[in-house]
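Peer 1: First residue of the sequence shown? That's 160 in our numbering, and the numbers climb one at a time after it.
Take a look at the following structure, please.
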Amino acid sequence: MPSFIHEDDKNGRLIEKASINRKPQLPQHFVDAYLDEMDQGKNDPSSTFSRENLIFSVGELIIAGTETTTNVLRWAILFMALYPNIQGQVQKEIDLIMGPTGKPSWDDKCKMPYTEAVLHEVLRFCNIVPLGIFHATSEDAVVRGYSIPKGTTVITNLYSVHFDEKYWRNPEIFYPERFLDSSGYFAKKEALVPFSLGRRHCLGEQLARMEMFLFFTTLLQRFHLHFPHELVPDLKPRLGMTLQPQPYLICAERR
Numbered sequence: 160m161p162s163f164i165h166e167d168d169k170n171g172r173l174i175e176k177a178s179i180n181r182k183p184q185l186p187q188h189f190v191d192a193y194l195d196e197m198d199q200g201k202n203d204p205s206s207t208f209s210r211e212n213l214i215f216s217v218g219e220l221i222i223a224g225t226e227t228t229t230n231v232l233r234w235a236i237l238f239m240a241l242y243p244n245i246q247g248q249v250q251k252e253i254d255l256i257m258g259p260t261g262k263p264s265w266d267d268k269c270k271m272p273y274t275e276a277v278l279h280e281v282l283r284f285c286n287i288v289p290l291g292i293f294h295a296t297s298e299d300a301v302v303r304g305y306s307i308p309k310g311t312t313v314i315t316n317l318y319s320v321h322f323d324e325k326y327w328r329n330p331e332i333f334y335p336e337r338f339l340d341s342s343g344y345f346a347k348k349e350a351l352v353p354f355s356l357g358r359r360h361c362l363g364e365q366l367a368r369m370e371m372f373l374f375f376t377t378l379l380q381r382f383h384l385h386f387p388h389e390l391v392p393d394l395k396p397r398l399g400m401t402l403q404p405q406p407y408l409i410c411a412e413r414r
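Rendered as structure tokens:
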């Protein structure tokens, strides 16, 4: 196997370490599976599986999977401190399903509709990624009377969807109950599209949802969150590729 070690190449070193115990065709993780594809396509000039693309893909996984998930959790913590009644309801559900000392599990999610509703409302209200993944038209098209030539870059405005009164009642209010039905069960909303749209939506959606749920429930299982001295931070987001909360102070007291 070719060496992936290059000077100052952190991703290359990470790949080398991850593939030490690799068994071909018995992948244990993403790197193993990618290397299997590289082996199969090594004599195919049209194959896109290469060392350079593997390093790029690993870097994308780390960057995209870290910044976005971190910002979701930062917003979630902020809103739990801002709305202690909502925080209390989440903790009540955690205590009922997981217990005060139980280990949070992804399998518990389906039993915790209110917690799931809160996380979905964070995704809607905070719009961590306001614009969707870029697409391009494969042929000339006409949309609502506008001519869209082949090859035109198309960007979905997710922010506008999440605050459209056609789909959401009082969208400017943080209200997790909008994701619950009349019986208190979680109700999926088709207008919630935080991971973009189409077949090329965010590949890390399932991983991100798992990380958000496990980190969020672990924090609220162990800590009560509030602002020091009732200092409510500025809720206006910092603009960029992602919408981040302004820096804020938080107190985490053991429950």
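Using N, Cα and C, we set each Cβ at its ideal position, and we do this for glycine too.
(1) If we count Cβ pairs, one from each stretch, closer than 8 Å, do we get three or more for the segment 383-403 versus the segment 276-292?
(2) Looking only at DSSP bridge pairs, what is Ala-295 linked to?
(3) In this structure, how does DSSP classify Ala-346 when only helix, strand and coil are distinguished?
(4) Nearest to Gly-291 by alpha carbon, out of Leu-278, Tyr-273, Val-320 and Met-271?
(5) Using DSSP's beta-bridge definition, name the partner residues of Arg-413.
(6) Along the beta strand (DSSP E) that carries Val-352, what are the first and last residues, could you check?
(7) When DSSP labels each residue in this structure, what does Leu-402 get in the three-state scheme?
(8) Out of Thr-312, Ile-221, Glu-412 and Leu-194, point me to the one whose CA is closest to Arg-210's CA.
(9) Assign Val-301 to buried or exposed, taking buried as 16 or more other Cβ atoms, counted over all protein chains shown, within 10 Å of its Cβ.
(10) Could you please give the first and the last residue of the uninterrupted beta strand (DSSP E) stretch that includes Val-320?
(11) Specify the secondary structure class of Leu-173 as computed by DSSP and reduced to three states.
Peer 2: In short, the structure shows the following:
(1) yes
(2) Translated into positions along the sequence shown, residue 295 becomes position 136. DSSP, once it has assigned bridges, lists Thr-312 as partnering Ala-295.
(3) Numbered from 1 along the sequence shown, position 187 holds the residue referred to as residue 346. Ala-346: coil per DSSP, three-state reduction.
(4) Mapped onto the sequence shown, residue 291 falls at position 132. Of the listed residues, the one whose Cα sits closest to Gly-291 is Val-320.
(5) Translated into positions along the sequence shown, residue 413 becomes position 254. Answer is Phe-382.
(6) Walking along the sequence shown from the start, residue 352 turns up at place 193. Unbroken run through Val-352: none, as it is neither H nor E.
(7) For the purposes of this step, residue 402 is taken as residue 243 along the sequence shown, with counting starting at 1. In the structure shown, Leu-402 sits in coil (DSSP, three-state: anything other than H, G, I, E or B).
(8) Your numbering for residue 210 matches position 51 in the sequence shown. Looking at the Cα atoms, Leu-194 is the closest of the given residues.
(9) Taking the first residue of the sequence shown as 1, we reach residue 301 at position 142. Counting Cβ neighbours within 10 Å, Val-301 comes out exposed, since fewer than 16 surround it.
(10) To locate residue 320, count along the sequence shown from 1; it is residue 161. No beta strand (DSSP E) contains Val-320, which is instead part of the alpha helix (DSSP H) from 317-321.
(11) For the purposes of this step, residue 173 is taken as the residue at position 14 of the sequence shown. Of the three classes helix, strand and coil, the one that applies to Leu-173 here is helix, per DSSP.
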